[in-house]
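Asks: The structure is given below, and queries will be raised subsequently.
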Amino acid sequence: MNDTTLIQERLHLQGLPVYPSDIAYIQSTLNTLLHAQNSLLAFPNINTEVPITVVEKRLLQ
Amino acid sequence: MTDISYLTASELGSFIKSKQLSPVELTKHIFKRIDQADPTLHTYITPTKEIALKQATMAEKDIMRGDYKGPLHGIPIGIKDNYATKGIRTTDGSKLFANFIPEQNATTVKKLLGAGSIMLGKQNMHELAAGSTGTNPYYGTTRNPWNIRYMPGGSSSGGAASLAAGLAVLTTGSDTFGSIRLPAAMCGVYGLKPTYGLISTFGVIPTAWSLDTAGPMARSVSDLALMLQYMAGFDGKDPASLDVRIPNYMKNLHKGMNGVKIGIPTYYLRGLDPDVDKLFQQAIHTLRRLGAEIKEMEIPELEMATYAGYAIVTGEASTFHYEWLKEYSEDYSVDIRSFFLSGALTAAPQYVRAQQARRKMVKALKQAFSDVDILLGPTVPMTTPAYREDWIEQNLEVVRKSMPFTAPINLTGIPSLSVPMGLDQRGLPVGMQFMGNHLSEALLFQIGKAWENTVPLKTTLMN
Numbered sequence: 322m323n324d325t326t327l328i329q330e331r332l333h334l335q336g337l338p339v340y341p342s343d344i345a346y347i348q349s350t351l352n353t354l355l356h357a358q359n360s361l362l363a364f365p366n367i368n369t370e371v372p373i374t375v376v377e378k379r380l381l382q
Numbered sequence: 009m010t011d012i013s014y015l016t017a018s019e020l021g022s023f024i025k026s027k028q029l030s031p032v033e034l035t036k037h038i039f040k041r042i043d044q045a046d047p048t049l050h051t052y053i054t055p056t057k058e059i060a061l062k063q064a065t066m067a068e069k070d071i072m073r074g075d076y077k078g079p080l081h082g083i084p085i086g087i088k089d090n091y092a093t094k095g096i097r098t099t100d101g102s103k104l105f106a107n108f109i110p111e112q113n114a115t116t117v118k119k120l121l122g123a124g125s126i127m128l129g130k131q132n133m134h135e136l137a138a139g140s141t142g143t144n145p146y147y148g149t150t151r152n153p154w155n156i157r158y159m160p161g162g163s164s165s166g167g168a169a170s171l172a173a174g175l176a177v178l179t180t181g182s183d184t185f186g187s188i189r190l191p192a193a194m195c196g197v198y199g200l201k202p203t204y205g206l207i208s209t210f211g212v213i214p215t216a217w218s219l220d221t222a223g224p225m226a227r228s229v230s231d232l233a234l235m236l237q238y239m240a241g242f243d244g245k246d247p248a249s250l251d252v253r254i255p256n257y258m259k260n261l262h263k264g265m266n267g268v269k270i271g272i273p274t275y276y277l278r279g280l281d282p283d284v285d286k287l288f289q290q291a292i293h294t295l296r297r298l299g300a301e302i303k304e305m306e307i308p309e310l311e312m313a314t315y316a317g318y319a320i321v322t323g324e325a326s327t328f329h330y331e332w333l334k335e336y337s338e339d340y341s342v343d344i345r346s347f348f349l350s351g352a353l354t355a356a357p358q359y360v361r362a363q364q365a366r367r368k369m370v371k372a373l374k375q376a377f378s379d380v381d382i383l384l385g386p387t388v389p390m391t392t393p394a395y396r397e398d399w400i401e402q403n404l405e406v407v408r409k410s411m412p413f414t415a416p417i418n419l420t421g422i423p424s425l426s427v428p429m430g431l432d433q434r435g436l437p438v439g440m441q442f443m444g445n446h447l448s449e450a451l452l453f454q455i456g457k458a459w460e461n462t463v464p465l466k467t468t469l470m471n
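Top to bottom, those sequences are chains A and B.
At position 3 of the first sequence the residue is numbered 324 (the working numbering), and the sequence of numbers has no breaks.
At position 297 of the second sequence the residue is numbered 305 (the working numbering), and the sequence of numbers has no breaks.
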């Protein structure tokens, strides 16, 4: 998922800039996220939680 | 009269009210200090001396003829440069907004100026409020006044450093994943990240909508309470604004700490630098002596804060900047661009899962607050780092270290008050944070004031 080529391709597909100098930092951030994702394993039923959303009650009135 | 550079707004206000201190002289005095120190400290991006002196002259005339507006009348304040200011450049610390001149004031700016305060200028910040050190390749890197080789913390770097250096009396900050509390801790001042929605963010350039919180920074708890009194309140222009009664935040300031139940999540005891650990243990001892009942608590849900923080901050920030990243990619520094681009590469389920994690964290904290009045932890686990040459890597590293301690508060929307805890072995400030249930700002001020009375910083930068 965090392979250099894959990152470059995924940025390119979205029309986002690809700077070779950025890739290591992007990898670092994505790896931090990936590692932190392990914390979710302690909560196997987290998929049943209603996500906090940005839909405001006032919109629904 | 004592040196006015380090007096609090509350102290200066009484001199101004009784006409012993001229707002014009006070403003001139602070600008003299800015002229001397800011070429080194870089706490302001756009000082507004001419406007400030006009406002001060008007305030003085009003006060002299008996039209005193209240405790902020004639008080000089710094405004973080992501708050829109009518007719005054608002850069968000970024090259992207270098020429952005808003047509109206942010709601908070309007309120503070309406109360008669004097705007000293637009203050420096970490680019786009998306970093935690205070580097800024476009407007100058802010330096920590305690030692200029060290970072002041960010993103509200200019606000915190200017307070520590006596270059402002009050400042505004914004906090998406620690941007008020972290620089407050590193500069030895006080900062409040209020309940989400308590202060309008209308006119504050977004970083991540669901986490962004505007808030006050000051040299005392009573000054924070004073500022919040004016900054808080419903604003129909902000979809997240809370329509709640605003209490008198000054009322319970002197009630003390006796019998207050404090919980320390064990999560906040892990990975502390030795100096932070030592000062925190001393603080616990002092709080017990003040009458607080303290116990450790297990809140396993906090472990998800890093994941949720990263997924939401990068996801929302990349959404706000998506088109600009394509068109003006050169206008971002590498640390911020790569941070935002990583958000464009996370999957939608990761973002929504992070919002599910938030729900779990909110529930866990609600449970915790049924058992204790407040939670306590160091503001960040590390002592203030010196700036390194590899500042891009360092910026990402400081975010990585601080996010677990600061983000839980933004993710759950609760308020947190960062206070100075003491000085580390190098003589640099270290902070801790009192975290309360939703809308418990008055209680945080009460506890914070009792702590402040112990004089946690035995020295200041007055000289």
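The beta carbon of each residue, even a glycine, is placed where N, CA and C say it ideally should be.
Would you list, in chain order, the members of the stretch 384 to 413 of chain B that have their beta-carbon closer than 8 Å to a beta-carbon of chain A?
Replies: 400, 401, 404 and 408
Asks: Residues bridged to residue 88 of chain B by DSSP?
Replies: Position 80 of the second sequence holds residue 88 of chain B. According to DSSP, which records beta bridges pairwise, residue 88 of chain B is partnered with B:131.
Asks: Could you spell out the range, first to last residue, of the beta strand (DSSP E) harbouring residue 183 of chain B?
Replies: Start at 1 with the first residue of the second sequence, and residue 183 of chain B comes out as number 175. Here the beta strand (DSSP E) through residue 183 of chain B covers 178 to 183.
Asks: Can you tell me the Cα-Cα spacing of residue 1 of chain B and residue 31 of chain B, whole angstroms?
Replies: Because chain B here runs from 9 to 471, residue 1 of chain B falls outside it and cannot be looked at.
Asks: Could you check whether the Cβ of residue 341 of chain A sits closer than 8 Å to any Cβ belonging to chain B?
Replies: In the first sequence, counting from the first residue as 1, residue 341 of chain A sits at position 20. Interface annotation, residue 341 of chain A: not in contact with chain B, CB-CB separation never under 8 Å.
Asks: Which residues of the stretch 329 to 360 of chain A have a Cβ closer than 7 Å to any Cβ of chain B? Give them in chain order.
Replies: Those would be 331, 332, 335, 336, 337, 338, 342, 343, 346, 347, 349, 350, 351, 353, 354, 357, 358 and 360, in chain order.
Asks: I need the boundaries of the alpha helix (DSSP H) containing residue 122 of chain B, first residue and last residue.
Replies: Position 114 of the second sequence, counted from the start, is the residue given in the question as residue 122 of chain B. Unbroken alpha helix (DSSP H) run through residue 122 of chain B: 115 to 122.
Asks: Is there contact here, the stretch 128 to 147 of chain B with the stretch 158 to 167 of chain B, by at least three beta-carbon pairs under 8 Å?
Replies: Yes: at least three Cβ pairs fall under 8 Å.
Asks: For residue 443 of chain B, write down the residues that DSSP places opposite it in a beta bridge.
Replies: Residue mapping note: residue 443 of chain B aligns to position 435 of the second sequence, counting from 1. According to DSSP, which records beta bridges pairwise, residue 443 of chain B is partnered with B:383 and B:424.
Asks: Who are residue 334 of chain A's beta bridge partners in DSSP?
Replies: Counting from one through the first sequence, the residue named residue 334 of chain A turns up at place 13. Looking at the DSSP assignment, residue 334 of chain A forms no beta bridge with any residue, so it has no partner.
Asks: Starting from residue 188 of chain B, follow its DSSP beta bridges and name the residues at the other end.
Replies: For the purposes of this step, residue 188 of chain B is identified with residue 180 of the second sequence, where counting begins at 1. Bridge partners of residue 188 of chain B: none, in fact.
Asks: Below 8 Å, how does it come out for the stretch 38 to 52 of chain B and the stretch 97 to 105 of chain B: are there three or more Cβ pairs, yes or no?
Replies: no
Asks: Run down chain B in chain order and give the residues with a C-beta less than 9 Å from the C-beta of residue 270 of chain A.
Replies: Limits of chain A in this structure are 322 at one end and 382 at the other, which puts residue 270 of chain A out of reach.
Asks: Any chance you could list the beta strand (DSSP E) runs of at least 3 consecutive residues sitting entirely within the stretch 245 to 332 of chain B, in chain order?
Replies: 269 to 273 and 301 to 305
Asks: Identify the contact partners of residue 326 of chain A in chain B, using a Cβ-Cβ distance below 8 Å as the criterion.
Replies: Counted from its first residue, the first sequence places residue 326 of chain A at position 5. Within 8 Å Cβ-Cβ: nothing; residue 326 of chain A doesn't reach chain B, min ~13 Å.
Asks: Looking only at its chain, what residues have a beta carbon closer than 7 Å to the beta carbon of residue 83 of chain B, apart from the 5 residues adjacent to it on each side?
Replies: Looking up residue 83 of chain B in the second sequence gives position 75. The beta carbon of residue 83 of chain B sits closer than 7 Å to the beta carbons of 17, 20, 21, 125, 126, 177 and 178 from its chain, once the five residues preceding and following it are set aside; these are given in chain order.
Asks: Flag this pair as touching only if the stretch 223 to 236 of chain B and the stretch 182 to 197 of chain B have three or more C-beta atom pairs under 8 Å; answer yes or no.
Replies: yes
Asks: Contact check, residue 365 of chain B vs residue 312 of chain B under 8 Å by CB: the rounded distance?
Replies: Working through the second sequence from its first residue, we reach residue 365 of chain B at position 357. Working through the second sequence from its first residue, we reach residue 312 of chain B at position 304. With 8 Å as the limit, residue 365 of chain B and residue 312 of chain B qualify as a contact, their Cβ atoms being about 4 Å apart.
Asks: Give the straight-line distance between the Cα atoms of residue 173 of chain B and residue 24 of chain B, rounded to the nearest whole angstrom.
Replies: For the purposes of this step, residue 173 of chain B is taken as residue 165 along the second sequence, with counting starting at 1. For the purposes of this step, residue 24 of chain B is taken as residue 16 along the second sequence, with counting starting at 1. If I take the Cα positions, the gap works out to 22 Å.
Asks: With residue 120 of chain B and residue 60 of chain B assumed to form a contact (beta carbons below 8 Å), what rounded beta-carbon distance in angstroms separates them?
Replies: Here residue 120 of chain B is taken as the residue at index 112 of the second sequence, counted from 1. Here residue 60 of chain B is taken as the residue at index 52 of the second sequence, counted from 1. That pair is no contact at about 13 Å.
Asks: Establish whether the CB of residue 306 of chain B and some CB of chain A are separated by less than 8 Å.
Replies: Counting from 1 along the second sequence, the entry for residue 306 of chain B is found at position 298. It does not; no Cβ of chain A falls within 8 Å.
Asks: Does DSSP classify residue 213 of chain B as helix, strand or coil?
Replies: Stepping through the second sequence from its first residue, residue 213 of chain B is reached at position 205. It is coil, neither helix nor strand.
Asks: With residue 117 of chain B and residue 147 of chain B assumed to form a contact (beta carbons below 8 Å), what rounded beta-carbon distance in angstroms separates them?
Replies: The residue given as residue 117 of chain B occupies position 109 in the second sequence. The residue given as residue 147 of chain B occupies position 139 in the second sequence. That pair is no contact at about 19 Å.
Asks: Residue 170 of chain B and residue 86 of chain B look like a contact to me (Cβ under 8 Å); what is the Cβ gap, rounded to whole Å?
Replies: As a position in the second sequence, residue 170 of chain B is number 162, starting the count at 1. As a position in the second sequence, residue 86 of chain B is number 78, starting the count at 1. Going by Cβ atoms, the distance from residue 170 of chain B to residue 86 of chain B rounds to 5 Å, so yes, they are a contact pair.
Asks: Does the stretch 299 to 315 of chain B touch the stretch 273 to 282 of chain B, meaning 3 or more C-beta pairs lie closer than 8 Å?
Replies: Contact between the stretch 273 to 282 of chain B and the stretch 299 to 315 of chain B is present: three or more C-beta pairs spanning the two stretches fall below 8 Å.
Asks: When you compare the CB positions of residue 448 of chain B and residue 189 of chain B, do they come within less than 8 Å of one another, or not?
Replies: Here the question's residue 448 of chain B lines up with position 440 in the second sequence. Here the question's residue 189 of chain B lines up with position 181 in the second sequence. In this structure, residue 189 of chain B does not lie closer than 8 Å to residue 448 of chain B by Cβ.
Asks: Cβ closer than 7 Å: which chain D residues qualify as neighbours of residue 347 of chain B?
Replies: As a matter of chain content, chain D is missing from the structure shown, whose protein chains are A and B.
Asks: Once DSSP output is grouped into helix, strand and coil, what is the label at residue 365 of chain A?
Replies: Taking the first residue of the first sequence as 1, we reach residue 365 of chain A at position 44. In the structure shown, residue 365 of chain A sits in coil (DSSP, three-state: anything other than H, G, I, E or B).
Asks: Let me see if you follow: with CB-CB separation under 8 Å, is residue 189 of chain B close to chain A or not?
Replies: Numbered from 1 along the second sequence, position 181 holds the residue referred to as residue 189 of chain B. Interface residue (Cβ-Cβ distance to chain A less than 8 Å): residue 189 of chain B is not classified as such.
Asks: If the cut-off is 8 Å on Cβ atoms, which residues from the stretch 331 to 347 of chain B count as contacting chain A, listed in chain order?
Replies: Flagged, chain order: 333, 334, 337, 342, 343, 345, 346 and 347.
Asks: Chain A partners of residue 311 of chain B, CB-CB under 8 Å?
Replies: On the second sequence, position 303 is the one that residue 311 of chain B refers to. The answer, in chain order, is 360 and 363.
Asks: Compare the C-beta of residue 198 of chain B with all C-beta atoms of chain A and state if any pair is closer than 8 Å.
Replies: Stepping through the second sequence from its first residue, residue 198 of chain B is reached at position 190. Not flagged as an interface residue toward chain A: residue 198 of chain B, since no C-beta distance is shorter than 8 Å.
Asks: According to DSSP, is residue 109 of chain B part of a helix, a strand, or is it coil?
Replies: The sequence position of residue 109 of chain B within the second sequence is 101, counting from 1. Three-state DSSP puts residue 109 of chain B in coil, outside helix and strand.
Asks: Applying the 10 Å Cβ sphere with the 16-neighbour rule, what's the burial state of residue 383 of chain A?
Replies: What the structure shows of chain A is the stretch from 322 to 382, and residue 383 of chain A is not part of that stretch, so it cannot be assessed.
Asks: Can you name the residues of chain A whose CB is closer than 8 Å to the CB of residue 363 of chain B?
Replies: Your numbering for residue 363 of chain B matches position 355 in the second sequence. Ordered by position in chain A, the residues that pass the 8 Å Cβ test against residue 363 of chain B are 372, 373 and 374.
Asks: Can you confirm whether residue 208 of chain B, when its beta carbon is compared against all beta carbons of chain A, has any partner nearer than 8 Å?
Replies: Stepping through the second sequence from its first residue, residue 208 of chain B is reached at position 200. Not an interface residue.
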